[in-house]
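First the structure, in the form of structure tokens, and then the observations on it.
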Amino acid sequence: MGRLLCCGEKSYSVLDQTKLCCSGVLHDLIGCSLEGAECVGTRIHCPQSETQCGSILHPQRGLHCCGEQTYDPDKDLCCAGHRWPGKRGMGCCGVQPYDPGDPKTKCCSGHLHSLQAGHHGKAQCCGVHLIANVSLQCCASAQKQLPYPRTPGLSCCGHFQYNTTQHYCCAGHLRRVTPAVRHRENSGHCELITLDTQKALHELCKKTVLIGSVESMAVKENGSREVVVKNVLQIHVEKNLITLRGTHVLLLNHCSCPPLAKDGLYLFNLQETNRTTISDLSTTVSPVYDLLSTCQWAHLGNASTCS
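For the sequence shown, UniProt numbering assigns the number 1 to the initial residue and increments by one for each residue that follows.
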């Protein structure tokens, strides 16, 4: 019989190819080989006749999973584990389906907002928040984005507001103003934004941008920051141009630009004089697809508005 093993209160032979122990429950393998059988908790899963979705077993093989449910990708939409029957072809905003071309809605970092009349095409994302009022500004860092009232004498440093008469911002850190350094290090404009921020998308779609990972950085005596970016893609969406650039060295204003993470994936827009726009793509699953698809929807939205 070979060596005996315990499974709960029962015993079975290690040579017995018809038994499988799953968390203390002994099963007889009927219509399932030992090589293909798997344990799901205390239950047995036979891939030859079942589909496992999470902790749920469905009595049919070869099905697609959406969370713990099955779905038909030719008819349904799966958004972050939530099945939406008959919604194929729509986009996902978090767990909800939505039409990216609908000017009445806007998706901000997985949160779907309904736009009021007059805000169509003007509202901007600020993290999960929606800014539909010009009296608000978005202060952004790699960790979060927060809206604040536009107030004279106050500016952004990362996701915080600060008093410009008392401090200045250098690479996301506040420093106290002294007569010798009064704002001289904060020349130029360098902004960290999310990819779905509306004010940037129209610019990004019409200009050449770079997508790549930060390999190294060095701060120079003149206040500049050299950033070596690897695996660079140069993209111009409107002209349908995508070029492999390998490694590229960027020269940024150190103080005005936010801190960048080594090996972090970023999109750089360097087209305007003294203005740099950077988007953190580290949590974006398919950044190139997101950029191309968003620009496509923006183009279709503009076309429908003009007609």
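Beta carbons are placed, not taken as given, at the ideal position from N, Cα and C, and that holds for glycine.
Next on the checklist: So, with DSSP's three-state summary, where would you put Cys-255?
Outcome noted: coil
Next on the checklist: Can you give me the C-alpha to C-alpha distance between Lys-19 and Leu-281, rounded to a whole angstrom?
Outcome noted: 49 Å
Checklist entry - Given that a residue counts as buried once 16 or more other Cβ atoms are within 10 Å of its Cβ, and exposed if not, what is Ala-140? => result buried
Checklist entry - So Arg-275 and His-254 are in contact, right, with Cβ under 8 Å, and what is the actual spacing, rounded? => result 16 Å between Cβ atoms; not a contact.
Item to check | Identity of the residue in Lys-230, Glu-221, Cys-190, Lys-206 nearest Ser-279 by Cα | outcome: Cys-190
Item to check | Distance between beta carbons of Lys-104 and Ser-114, contact taken as under 8 Å | outcome: 6 Å
Checklist entry - So, helix, strand or coil for Gln-60, using DSSP? => result coil
Checklist entry - Can you round the beta-carbon distance between Gly-212 and Leu-233 to whole angstroms, since I take them to be within the 8 Å contact cut? => result 7 Å
Checklist entry - What is the rounded straight-line gap between the Cα of Cys-78 and the Cα of Gln-161? => result 39 Å
Next on the checklist: Within 10 Å of its beta-carbon, does Glu-50 have 16 or more other beta-carbons around it, so buried, or fewer, so exposed?
Outcome noted: buried
Checklist entry - Of the residues Gly-94, Tyr-71, Gln-52, which one's Cα is nearest the Cα of Arg-88? => result Tyr-71
Item to check | Expected contact under 8 Å - CB spacing of Thr-194 and Ser-109 to nearest Å | outcome: 6 Å
Checklist entry - Cys-53 and Cys-39 look like a contact to me (Cβ under 8 Å); what is the Cβ gap, rounded to whole Å? => result Incorrect: roughly 16 Å between the Cβ atoms, too far for contact.
Item to check | Same chain, Cβ closer than 6 Å to Ser-216, five either side skipped, listed in chain order | outcome: Val-228
Checklist entry - Can you round the beta-carbon distance between Asp-99 and Met-90 to whole angstroms, since I take them to be within the 8 Å contact cut? => result 6 Å
Next on the checklist: Starting from Ala-218, trace the beta strand (DSSP E) in both directions and tell me its first and last residue.
Outcome noted: 208-219
Checklist entry - CA-CA distance, Cys-173 and Gly-158? => result Note that residue 173 is His in the sequence shown here, rather than Cys. Those two C-alpha atoms are separated by around 8 Å.
Checklist entry - Would a C-beta distance cut-off of 7 Å place Val-214 and Leu-267 closer than the cut-off? => result no
Checklist entry - Is the beta carbon of Pro-149 sitting closer than 7 Å to the one on Cys-126? => result no
Next on the checklist: Relative to the C-alpha of Thr-151, which candidate in Asn-163, Gln-145, Lys-144 has its C-alpha closest?
Outcome noted: Asn-163
Next on the checklist: Quick check on the DSSP output: the beta strand (DSSP E) that includes Gln-17 runs from which residue to which?
Outcome noted: Here Gln-17 belongs to no beta strand (DSSP E), and DSSP marks it neither H nor E.
Checklist entry - Expressed to the nearest angstrom, what Euclidean distance is found between the alpha-carbon atoms of Cys-6 and Ala-80? => result 40 Å
Checklist entry - Helix or strand or just coil, what does DSSP make of Leu-292? => result helix
Next on the checklist: Given this structure, state the Cα-to-Cα distance separating Gln-145 from Val-14, to the nearest angstrom.
Outcome noted: 58 Å
Next on the checklist: Let me check understanding here. Comparing Cα to Cα, which of His-45, Gly-41, Val-25 lies closest to Leu-34?
Outcome noted: His-45
Next on the checklist: Looking at the strands, I want to know which residues DSSP matches up with Arg-83.
Outcome noted: Cys-78
Checklist entry - Is Gln-124 buried or exposed, if buried means 16 or more other CB atoms sit within 10 Å of its CB? => result buried
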